[in-house]
Every structure is written in C-alpha cells, then in structure tokens.
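Have a look at the structure below, then the notes.
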Amino acid sequence: MISVIGFAEGVSISRVLASEDRQHWDADREFLSKGMANVVAAVTGGLPVGGSLSRTSLNRLAGAQSRWSGLVTGVAVIAFLPIAPMLSALPRAVLSGIVIAAIWKLVRPQDMIRIVKTSVPQGIVAFVTFFGTLVMAPHIDRAILLGVAMSAAVHLWRELTPTVVSTREGDQLIVDLSGVLWFGSAAALEGQLFEQLADEPDVNKVVLRCSGLGRIDFSGANVLHEMIDHARRANIELTIEEVPAHALRVLSAVGILTLSETRSAQHR
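Per my numbering, residue 34 is the first one in the sequence shown, and the count goes up by one each step.
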C-alpha cells in the first residue's frame with residue numbers, strides 16, 4: 034500500500050511538472066523505476082521509495098533544473114546527518130509552513146470546477162476522493178482506493194450503454210453506433226435498436242454504421258448476428274457498414290461478414 038501511495042504522489046507531481054516544462058513523461062518508465070528502487074530498498078533494508086509532492090515542489094523552488102538535483106539533494110542530506118540533532122527543536126509549524134508554501138501552487142480549484150462542468154460523474158469522483166483524503170487522514174490509502182473504485186464504476190457504467198443515433202432516410206433507418214460493444218453493453222444495444230424499430234413500423238431497411246465503435250468482442254458480435262436474423266424474419270434488411278479494421282476478424286468469425294464483404298468493408 035505504501036508503494037501505491039508513493040506511486041500516486043509521483044504520478045501527480047510528474048504530470049504537472051512535465052506539462053509545465055512541455056516534456057514527455059512515461060508512466061511505464063516511472064512505474065518500472067520505482068519498482069526497481071523498492072526492490073533494491075527491500076534487499077538492502079532501506080526505506081520504501083516513492084514520490085513526494087512537497088519534496089519535489091521544494092526542490093523545484095530551490096532552482097532545480099535536471100534529474101540530477103535529487104541525487105545532489107540526497108548527498109547534501111547525508112552530509113548534514115551529523116548535525117541533524119540540532120534541528121530537532123525546530124517547531125512543526127515551521128515545517129508545515131515550508132510544506133504549504135512548496136505545494137501551494139499545485140492547488141488548482143479551477144481544475145476541479147472544470148471537471149464538474151465537463152463531466153458530472155468525473156467531478157463527483159474527484160470531489161469524493163478529495164474529501165475522502167481529508168476525512169480518512171492519515172489513512173489516505175483508503176481514500177485513494179475509494180477513488181480508484183469509483184473511477185472503475187463510472188467507466189463500467191459508461192460502457193454498459195453504447196451511444197445510438199438514428200436518422201430516417203425514406204424507408205430506411207441509418208443507425209450510427211459509438212462506444213464499446215461487449216457482453217455488458219450488447220443487450221442494451223439490442224434493446225435500443227428494437228425500440229427504435231417499434232417506433233418506425235414502415236422501415237424496410239436498417240443500416241448499422243460501426244465506425245464509432247472502439248471495440249467489439251465475441252459476445253457483441255453474436256448479438257449483431259442475432260439482430261440480423263431477427264430482422265430477416267421480420268422482412269427487414271439489416272446491413273453493417275464502416276466496420277473498423279480491428280473488428281473485421283471478430284465479425285467474420287461469427288459469420289456476419291464473408292471474405293468478400295470483409296474486403297469491401299475495409300475500403301468503405
């Protein structure tokens with residue numbers, strides 16, 4: 034859990050500083066480097082390694098310009114260890130003031146407001162996580178896990194219902210699909226389409242345009258196959274167009290697209 038918190042802190046400060054300096058930041062390399070450092074610390078009996086908002090901000094305010102600043106700071110701390118007891122009488126209020134001054138610029142309430150205006154569910158996750166860290170302190174790991182769980186729940190909730198936009202053109206219904214078609218959202222897609230067909234009883238042809246689908250799994254492809262069969266029994270011609278390249282193999286596997294149809298779909 035300590036490593037998770039350390040990585041979360043490192044990620045937050047690294048993304049902010051990389052954005053300000055217009056530098057590329059790789060989360061995979063960050064995770065790998067911290068993991069290797071913690072392995073070495075465990076073998077040698079050292080303390081857990083992790084990022085720190087206050088230390089990094091204070092280091093930057095001191096004029097740090099490169100990654101070597103951390104090493105220089107570490108060497109300086111080792112050099113001052115013999116006189117460390119002299120600082121034991123330093124009031125905690127002074128240390129608190131240093132930390133607050135260092136991270137004050139990282140506090141951006143306008144970003145929280147922007148998140149709420151952009152997406153209410155994401156805004157709720159952000160505010161719950163923020164207040165969770167205040168209420169659950171010093172066990173901020175629980176607040177982080179709460180935020181992760183809520184983010185996963187919001188993500189699944191969004192993917193459970195694909196976006197269906199239909200347009201009537203004469204005797205045919207053009208349906209544009211977007212989102213992810215998987216076993217969790219396949220039934221919702223089928224229900225939405227049949228509801229629209231019930232509202233348009235004189236429709237003879239349905240065209241499903243799948244260019245907006247991000248992913249189609251086997252269960253989703255099977256539902257599309259069943260929809261085609263139901264449409265045929267109802268004397269409705271249902272065709273699938275603009276199939277993404279990554280979904281051609283899955284649709285071909287369940288028998289929706291023949292080889293010739295697959296080739297034509299690739300060039301649509």
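C-beta atoms are modelled at their ideal positions from N, C-alpha and C, and glycine is treated no differently. Predicted, not measured: the structure shown is a model, and the values here were computed from it.
Given a threshold of 16 other Cβ atoms within 10 Å of its Cβ, counted over all protein chains shown, does V208 qualify as buried or as exposed?
Along the sequence shown, read from residue 1 onward, the residue named residue 208 stands at position 175. If you draw a 10 Å sphere on the C-beta of V208, you find 16 or more other C-beta atoms in it, and that means buried.
CA-CA distance, E42 and L139?
Numbered from its first residue, the sequence shown carries residue 42 at position 9. Numbered from its first residue, the sequence shown carries residue 139 at position 106. Taking the straight line joining both Cα atoms gives about 12 Å.
Tell me the rounded alpha-carbon separation between E63 and D204.
As a working note, residue 63 is residue 30 in the sequence shown. As a working note, residue 204 is residue 171 in the sequence shown. Cα to Cα, E63 sits roughly 56 Å from D204.
Go ahead and pull the three-state DSSP assignment for I116.
Along the sequence shown, read from residue 1 onward, the residue named residue 116 stands at position 83. If DSSP states are grouped into helix, strand and coil, I116 belongs with the helices.
With DSSP as the reference, please indicate the residues paired to T162 in a beta bridge.
Here residue 162 refers to the residue found at position 129 when the sequence shown is read from its first residue. Listed as beta-bridge partners of T162 by DSSP are no residues whatsoever.
Option in I133, S285, W190 with minimal Cα separation from L91:
In the sequence shown, residue 91 corresponds to position 58, counting from 1. For L91, the nearest C-alpha among the options comes from I133.
Between which two residues does the beta strand (DSSP E) carrying D144 extend?
Along the sequence shown, one-based indexing puts residue 144 at 111. Careful: D144 lies outside any beta strand (DSSP E), inside the alpha helix (DSSP H) at 142–151.
Which whole-angstrom value is the C-beta distance of M260 and L284, which I expect to be below 8 Å?
Within the sequence shown, the letter at position 227 stands for residue 260. Within the sequence shown, the letter at position 251 stands for residue 284. Not confirmed; about 12 Å, so no contact.
In angstroms, rounded to a whole number, what distance separates the CA positions of V198 and V49?
Reading the sequence shown from its first residue, position 165 is the one you call residue 198. Reading the sequence shown from its first residue, position 16 is the one you call residue 49. So the two alpha carbons sit approximately 38 Å from each other.
Using a Cβ-Cβ cut-off of 8 Å (strictly less than) and excluding sequence neighbours within five positions of A51, which residues of its own chain qualify?
As a working mapping, residue 51 is identified with position 18 in the sequence shown. Closer than 8 Å at the Cβ level, and outside the excluded window around A51, lie H57, W58.
For V240 and E275, the rounded distance between their alpha carbons:
Here the question's residue 275 lines up with position 242 in the sequence shown. Here the question's residue 240 lines up with position 207 in the sequence shown. Taking the CA atoms as reference points, E275 sits about 10 Å from V240.
Could you compute how far the alpha carbon of N268 sits from the alpha carbon of V236?
Numbered from 1 along the sequence shown, position 235 holds the residue referred to as residue 268. Numbered from 1 along the sequence shown, position 203 holds the residue referred to as residue 236. Roughly 10 Å separates the two Cα atoms.
Taking the DSSP output, what are the residues bridged to D209?
Position 176 of the sequence shown, counted from the start, is the residue given in the question as residue 209. According to DSSP, D209 bridges with V198, R242.
Please go through the region 233–277 and give each complete alpha helix (DSSP H) segment of 4 or more residues, from N-terminal end onward.
251–266, all fully within the region 233–277.
Contact between the region 154–168 and the region 176–191: three or more CB pairs below 8 Å?
At 8 Å Cβ cutoff, the stretches touch.
L257 and L214 - do their beta-carbons sit closer together than 9 Å?
Along the sequence shown, read from residue 1 onward, the residue named residue 214 stands at position 181. Along the sequence shown, read from residue 1 onward, the residue named residue 257 stands at position 224. A contact, by the Cβ cut-off of 9 Å.
In three-state terms, what does DSSP make of I46?
Here residue 46 refers to the residue found at position 13 when the sequence shown is read from its first residue. Annotated three-state conformation of I46 is helix, per DSSP.
Exposed or buried, K150, counting other C-beta atoms within 10 Å across all chains shown (16 or more means buried)?
As a first step, residue 150 is located in the sequence shown; it is residue number 117 there, counting from the start. Under this definition K150 is an exposed residue.
From the DSSP output, which residues share a beta bridge with L214?
To locate residue 214, count along the sequence shown from 1; it is residue 181. Answer is I249.
Contact test: A231 Cβ vs the ligand FMN heavy atom, cutoff 8 Å:
Questions concerning the ligand FMN fall outside what the structure shown contains, since it holds no ligand whatsoever.
Reference H190, options V168, P171, I173, S218, closest by Cα
To locate residue 190, count along the sequence shown from 1; it is residue 157. According to the sequence displayed, residue 190 carries Trp and not His. Check the Cα spacing between W190 and each of V168, P171, I173, S218: the tightest is with S218.
Roughly how many angstroms lie between the CA atoms of S33 and I173, to the nearest whole one?
Only positions 34 to 301 of the chain appear in this structure, which leaves residue 33 out of reach.
In its own chain, which residues sit with a C-beta less than 6 Å from the C-beta of L271, not counting the 5 before and 5 after it?
Locating residue 271 in the sequence shown gives position 238, counting from the first residue. Only V239, I261, A264 meet the Cβ criterion.
Compute the distance between the beta-carbons of A286 and F251, then report whether it is under 9 Å.
One-based indexing of the sequence shown puts residue 286 at position 253. One-based indexing of the sequence shown puts residue 251 at position 218. With respect to the 9 Å criterion, A286 and F251 are classified as neighbours on the basis of their beta carbons.
By Cβ distance, which residues of its chain are closer than 7 Å to I148, with the 5 residues on each side in sequence left out?
Working through the sequence shown from its first residue, we reach residue 148 at position 115. So the list reads Q155, G156, A159, once near-sequence residues are dropped.
For a test of the three-state rule: what should DSSP assign to G83, helix, strand or coil?
The residue given as residue 83 occupies position 50 in the sequence shown. For G83, the three-state secondary structure derived from DSSP is coil.
Alpha carbon to alpha carbon, what distance is there between L114 and G247?
Here residue 247 is taken as the residue at index 214 of the sequence shown, counted from 1. Here residue 114 is taken as the residue at index 81 of the sequence shown, counted from 1. Computed Cα separation, rounded: 56 Å.
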